[in-house]
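Residue numbers (this note's numbering), protein chains in the order written: chain S, 1 to 393; chain V, 1 to 306.
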Ligand SMILES: Cc1ncc(C[n+]2csc(CCOP(=O)(O)OP(=O)(O)O)c2C)c(N)n1
Ligand code: SF4
Ligand SMILES: [Mg+2]
């Protein structure tokens, strides 16, 4: 059973947290995540959850307390955005390196400076090598579904890694959407009770978490972490299948939109994929074989599968809502190019960095990208590999 | 708490750790842990104690232990304690636990100050123990805001122009008392009963309790390993490190030296103060003496001992 509701992204994520009913939430407010933690603290105040809400004095402490709570043996969550995520950076690596199954919604916002509160992916991309699993969502529905599945994925015995559930700041977090939330008891049953194998609050079998790990063991532990990361893809698919049974909604590692017979396509993540779908539809009407690959699981990167899905295209554009300032393009572009290197695909791959600091991206702009791709496909000439879309020169 | 009784209790921090000989941190922690009557979760900030007691795959701790990072032991134990409260309220756990966060002076006065303040303000049921050796010892004796004025450290070296650390110590114990938490105490290992009694009160306090304990570091103080505890007595006799407690806002003096000794008794045996005795640094010792005297007057006044 599920309910049709009209909620903002923040509201539906707070609902997801209520239904997951974590033992501990330690969080700090930051635009555009604030409404989520405010609403959740109301659930705590009204006795709707069993959660101990730790009103920490910073995001560094939010992540630190969440690590403590998770290591103690409880199910623990937090949520943040932008500078808050950046402030957590040190402890993000400790959470993943300690193999703690924490789930954290991140409401994507541009990193300072200059300070800006609107959407881009520089915050999430800054954490892309931190060992956290990362999901991206096109809308509030997907963010909600990702959050609930993330609990199971992170806690899976072959994984035991924390998850970031991304949703675009304002565009998703503040927009009201018609969506379906599951019945409370369905979520309760789906996530199940959490029982850690080794945890601090076990006086029968005390453990030492976070010891000094030197040259003779650190590498092995990192290797185990790498193996766990390589298990994520299978677990994501397994959990998605189970989730489909209760929700009727299908999820994979990514979504292929009219990609089957496409000649030109864009790869994107987040809310822009909705805009890209409109562009693809328009072009299809004009007879252009356009398509979209929407990444859901960004970390670990499903490289082989993505390369396989793109290999028959003539040209593909990667849309990045963050720059790396490496002069080698945005992060998704770099990942995708690397993925294609090993395939026998013969296609041109170009990059468009767009939407920084919340700059709007329009359907026509994505259509113009497709025009560029068609030209590239026809002539085989790439004038510029890395492009900035929608910026004044 | 009787010494004899305490001596019979099982050791919670076992031998085989790798603290230097004469290190006060181990002594302080062992005494404090003797006052705990429950299984504990011990948190430790990055520093000498942490790196010396849990080197994978070994641990010197009998209890569950967590090290997270340098500046976040108070937040980390906040999370552990919150998990405990949550599980207990849900009926998933009924055992009693003690929660203790341990930080060096660097991890408490400086980089972990915000995390400590936050945890105390929120009122978690935990003990925070600062073992104050007056510098960042683990990384090679750099100054902290707990380093005494004039001390030669590797980032406040005694040079041709600048004679060691320029600032007086920050009074962290007072700042913790200003948080109006139920129990705050300053203690020293030369009075083991007093220290254990304070630790016991701290563990028994419902809500946050803060202990600041002087811990000799022969390496950083450039003092003799076998004289560490004696030095902490001199620290109390010169009134450099007064012993007091603040229980529900009530200040109480726990040690009043029969004859207050001159500060030179504290400075002289420690190599880190050697340069203060050079003729060109004349006047500095008097300044330090004046500061100690003023501080002592303040403590006496607060404790109603005038
Ligand atoms: C964020 C961060 N900054 C710096 C360090 C390096 N560091 C590790 S321990 C330490 C000093 C510890 O000093 P203190 O807390 O006084 O403990 P002690 O070693 O004296 O026992 C420093 C600077 C670190 N580990 N993490
Ligand atoms: S350097 Fe000092 S604080 Fe560190 S272990 Fe040695 S004596 Fe103890
Ligand atoms: Mg120190």
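Quick reminder that beta carbons are idealized off the backbone N, C-alpha and C, glycines included. Given the structure is predicted, the values throughout are model-derived calculations rather than measurements.
Could you tell me whether the Cβ atoms of residue 140 of chain V and residue 272 of chain V are closer together than 9 angstroms?
No, Cβ-Cβ distance for residue 140 of chain V and residue 272 of chain V is not below 9 angstroms.
With distances taken from CA atoms, which of V:156, V:58, V:6, V:222 is nearest residue 16 of chain V?
The option with the nearest alpha carbon to residue 16 of chain V is V:58.
Expressed to the nearest angstrom, what Euclidean distance is found between the alpha-carbon atoms of residue 72 of chain V and residue 376 of chain S?
CA-CA distance, residue 72 of chain V to residue 376 of chain S, rounds to 53 angstroms.
Considering only residues of the same chain and omitting the five flanking positions on each side of residue 100 of chain S, which have a CB-CB separation below 7 angstroms?
Once the five neighbours on either side are set aside, the close Cβ partners of residue 100 of chain S are 67, 70, 71, 162.
Along the alpha helix (DSSP H) that carries residue 341 of chain S, what are the first and last residues, could you check?
If you look at residue 341 of chain S, you'll find it in the alpha helix (DSSP H) that goes 331-341.
Thinking just about the alpha-carbon of each residue, which of V:183, V:85, V:158, V:253 is nearest to the one in residue 278 of chain V?
For the options V:183, V:85, V:158, V:253, the alpha carbon positioned closest to that of residue 278 of chain V is the one of V:158.
Indicate, with yes or no, if ligand 1 has a heavy atom lying under 8 angstroms from the CB of residue 49 of chain V.
Remark: the shortest separation between the CB of residue 49 of chain V and any heavy atom of ligand 1 falls under 8 angstroms.
Beta carbon proximity, residue 219 of chain S to chain V, threshold 9 angstroms:
With 9 angstroms as the cut-off, residue 219 of chain S does not count as an interface residue toward chain V.
I'd like to confirm something about residue 217 of chain V: is its beta-carbon nearer than 8 angstroms to some heavy atom of ligand 1, or not?
Closer than 8 angstroms to some heavy atom of ligand 1: that describes the Cβ of residue 217 of chain V.
Option in V:49, V:86, V:26, V:184 with minimal Cα separation from residue 205 of chain V
Closest option to residue 205 of chain V, Cα to Cα, is V:184.
Touch test, the region 321-333 of chain S against the region 346-358 of chain S, Cβ-Cβ under 8 angstroms, three pairs minimum
Yes, the region 321-333 of chain S is in contact with the region 346-358 of chain S.
So if DSSP puts residue 268 of chain S in a beta bridge, which residue, or which two residues, is it bridged to?
Answer is S:294.
Residue 9 of chain V lies in the alpha helix (DSSP H); which residues open and close that run?
Careful: residue 9 of chain V lies outside any alpha helix (DSSP H) and carries neither H nor E.
Give the list of continuous beta strand (DSSP E) stretches no shorter than 3 residues that lie fully inside the region 348-388 of chain S.
Under the rule that a run must span 3 or more residues, the beta strand (DSSP E) segments found entirely inside the region 348-388 of chain S read 348-354.
Taking 8 angstroms as the line, does the beta carbon of residue 69 of chain V fall inside it for any heavy atom of ligand 3?
False, no ligand heavy atom lies under 8 angstroms from that Cβ.
Over the uninterrupted alpha helix (DSSP H) stretch that includes residue 26 of chain V, give me the two end residues.
DSSP places residue 26 of chain V inside the alpha helix (DSSP H), whose first and last residues are 24-33.
Confirm, please, whether the CB-CB distance from residue 167 of chain S to residue 103 of chain S is below 9 angstroms.
In this structure, residue 167 of chain S does not lie closer than 9 angstroms to residue 103 of chain S by Cβ.
Check the DSSP bridge columns for residue 38 of chain V and list the partner residues they point to.
Looking at the DSSP output, residue 38 of chain V shares a beta bridge with no other residue.
Give, in chain order, every residue of the region 107-139 of chain V whose Cβ lies closer than 9 angstroms to some Cβ of chain S.
Cβ contacts with chain S: 114, 115, 117, 118, 119, 121, 122, 124.
Cβ closer than 9 angstroms: which chain V residues qualify as neighbours of residue 143 of chain S?
Going along chain V, no residue has its Cβ under 9 angstroms from residue 143 of chain S, so there is no contact; the nearest lies around 25 angstroms.
If you pair each beta-carbon of the region 146-158 of chain S with each one of the region 179-193 of chain S, do three or more pairs fall below 8 angstroms?
Contact between the region 146-158 of chain S and the region 179-193 of chain S is present: 3 or more CB-CB pairs across the two stretches fall below 8 angstroms.
For residue 53 of chain V, count the other beta carbons within 10 Å of its own beta carbon; 16 or more makes it buried, fewer makes it exposed. Which is it?
By the Cβ-count criterion, residue 53 of chain V is buried, with 16 or more other Cβ atoms from all chains shown falling within 10 Å of its own Cβ.
Name the residue from V:304, V:30, V:269, V:41 whose alpha carbon lies nearest to the alpha carbon of residue 227 of chain V.
The candidate whose alpha carbon is nearest that of residue 227 of chain V is V:269.
To be precise: take each residue of the region 155-173 of chain S, compare its Cβ to all Cβ atoms of chain V, and keep it if any distance is under 7 angstroms. Which residues remain?
The region 155-173 of chain S vs chain V, Cβ under 7 angstroms: nothing.
For the pair the region 53-68 of chain S and the region 115-125 of chain S, tell me if three or more CB-CB distances fall below 8 angstroms.
Contact between the region 53-68 of chain S and the region 115-125 of chain S is absent, because fewer than three Cβ pairs lie under 8 angstroms.
Assuming the contact rule is C-beta atoms closer than 8 angstroms, residue 317 of chain V and residue 168 of chain V should be a hit. Round their C-beta distance to whole Å, please.
Nothing about residue 317 of chain V can be reported from this structure: the residues present for chain V run from 1 to 306 only.
With 16 other CB atoms within 10 Å as the buried threshold, where does residue 142 of chain S fall?
Residue 142 of chain S should be labelled buried.
Contacts of residue 76 of chain S in chain V (Cβ-Cβ under 8 angstroms)
Those within 8 angstroms of residue 76 of chain S in chain V are 79, 83.
Cutoff 6 angstroms; reference residue 130 of chain V; Cβ partners in own chain excluding five residues on either side
Counting only Cβ-Cβ distances below 6 angstroms, and skipping sequence neighbours, we find 103, 108, 212.
For the region 81-93 of chain S against the region 5-24 of chain S, do three or more pairs of beta-carbon atoms, one drawn from each stretch, fall closer than 8 angstroms, so that the two count as touching?
No, the region 81-93 of chain S does not touch the region 5-24 of chain S.
Can you check whether the C-beta of residue 66 of chain V is within less than 9 angstroms of a C-beta belonging to chain S?
At a cut-off of 9 angstroms, the C-beta of residue 66 of chain V has a neighbouring C-beta in chain S.
Just by C-beta distance, which residues in the region 55-68 of chain S are closer than 9 angstroms to chain V?
Residues of the region 55-68 of chain S with a C-beta less than 9 angstroms from any C-beta of chain V: 55, 56, 57, 58, 60, 61, 62, 63, 64, 65, 66, 67, 68, listed in chain order.
Between residue 202 of chain S and chain V, is any beta-carbon pair separated by less than 9 angstroms?
Cβ-Cβ to chain V under 9 angstroms: yes for residue 202 of chain S.
DSSP-derived helix/strand/coil call for residue 117 of chain V
Helix.
In three-state DSSP terms, what is residue 240 of chain V?
Note: residue 240 of chain V maps to coil in three-state DSSP.
Roughly how far, in whole angstroms, is the beta-carbon of residue 22 of chain S from the beta-carbon of residue 77 of chain S, given that I think they are within contact range, below 8 angstroms?
Rounded, the Cβ-Cβ distance is 5 angstroms, consistent with contact.
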